[in-house]
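Structure, as structure tokens:
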Amino acid sequence: QQQVKQSPQSLIVQKGGISIINCAYENTAFDYFPWYQQFPGKGPALLIAIRPDVSEKKEGRFTISFNKSAKQFSLHIMDSQPGDSATYFCAASIEGETSGSRLTFGEGTQLTVNP
Amino acid sequence: DTEVTQTPKHLVMGMTNKKSLKCEQHMGHRAMYWYKQKAKKPPELMFVYSYEKLSINESVPSRFSPECPNSSLLNLHLHALQPEDSALYLCASSWKADSPLHFGNGTRLTVT
């Protein structure tokens, strides 16, 4: 019930192309969906997040698409650059948790953008 | 650079050693977290402190002992660890319990 499934496990894209990473969740109580970007030797950094009251959120080259009925959300990276090469994690949590944010992470996608 | 600072960056310890990991944030965040991350895996939640009180312990073995001396500091005391405990230990903080997390760059721990 707490699982978040992420695909693909790895992705290779040419510079300038579109990178698409997909996630699916089961728990309908989830109401906050962040994406984290992690470079080797660094901690995860919050990239962009969405709540289920909107179907799309865009920040620069990064867009989250959200489909509540299908319980799916995806990250689109437009005009992908070699500097985007990193591991991307989708996550989900329930807001309003007073004890702390229990993020459920996907398994991660290793993105490589070739120059 | 991240606003959550973790020391040391690397730590090698034997199974009989006692060591501590430290985490500091000055963003005024009131929730602090310890995560464990194995290679090519997502972070796994270990502990959460909310307003300096332990609010979540994800059934972590007692050889890991967290401490929150004040709202800016978080420690993780390590004792009698096993080689399988080798991992990247990440600290994170958030404005309040259900706010977005800010991660540090972690301590790479190797248990020999």
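Those protein sequence lines, which keep their order, are chains A and B. Our numbering numbers the first residue of the first sequence as 1 and each following residue consecutively. Our numbering numbers the first residue of the second sequence as 116 and each following residue consecutively. Think of the CB as a built atom: it goes at the ideal place given N, C-alpha and C, for glycine as much as any other residue. Source: prediction; values computed, not measured.
Spatially closest choice to residue i from the options, by CA coordinates
i        : options                                   : result
Thr225/B : Gly143/B, Tyr204/B, Tyr150/B and Glu182/B : Tyr204/B
Phe39/A  : Asp84/A, Ile94/A, Val113/A and Glu107/A   : Asp84/A
Glu199/B : Lys151/B, Asp213/B, Leu169/B and Pro181/B : Lys151/B
Lys168/B : Ala207/B, Arg178/B, Met147/B and Phe179/B : Met147/B
Trp210/B : Ser165/B, Lys133/B and Pro123/B           : Ser165/B
Heavy atom of the ligand GDP within 6 Å of residue i beta-carbon
i        : result
Glu167/B : With respect to the ligand GDP, the structure shown offers nothing to examine, as it has no ligands at all.
Cβ shell of residue i (< 8 Å), same chain only, five flanking positions each side left out
i        : result
Gly129/B : Val226 and Thr227
Chain B within 7 Å of residue i, Cβ atoms only
i        : result
Phe89/A  : yes
Ser101/A : yes
Phe105/A : yes
Gln1/A   : Only weak support is given to the placement of Gln1/A: the predicted model assigns it a pLDDT of 49, under 50, and the value that follows is read from those uncertain coordinates. For Gln1/A, the answer is no, since every Cβ of chain B falls outside 7 Å of its Cβ.
Lys42/A  : yes
Glu59/A  : no
Cβ neighbours of residue i in the same chain (closer than 7 Å, five flanking residues each side left out)
i       : result
Pro82/A : Lys15, Val113 and Pro115
Glu95/A : Asp31 and Tyr32
Residue-level contact to chain A via CB, residue i, 7 Å cutoff
i        : result
Val163/B : yes
Asp200/B : no
Ser187/B : no
Ser209/B : yes
Asn220/B : yes
Ser174/B : no
Contact belief for residue i with residue j at Cβ below 8 Å, rounded distance in angstroms
i        : j        : result
Pro157/B : Gly106/A : 7 Å
Val163/B : Ser170/B : 5 Å
Gly219/B : Ala207/B : 7 Å
Thr109/A : Gln9/A   : 6 Å
Host beta strand (DSSP E) of residue i (start-end)
i        : result
Gly85/A  : With the sequence shown as reference, residue 85/A is identified as Ser, and Gly is not the correct amino acid for it. Looking at the DSSP string, Ser85/A is not in any beta strand (DSSP E), and its letter there is neither H nor E.
Trp149/B : Ala146 to Gln152
Thr122/B : Val119 to Thr122
Residues near residue i in its chain [Cβ-Cβ closer than 6 Å; skip 5 each side]
i        : result
Ser180/B : His192
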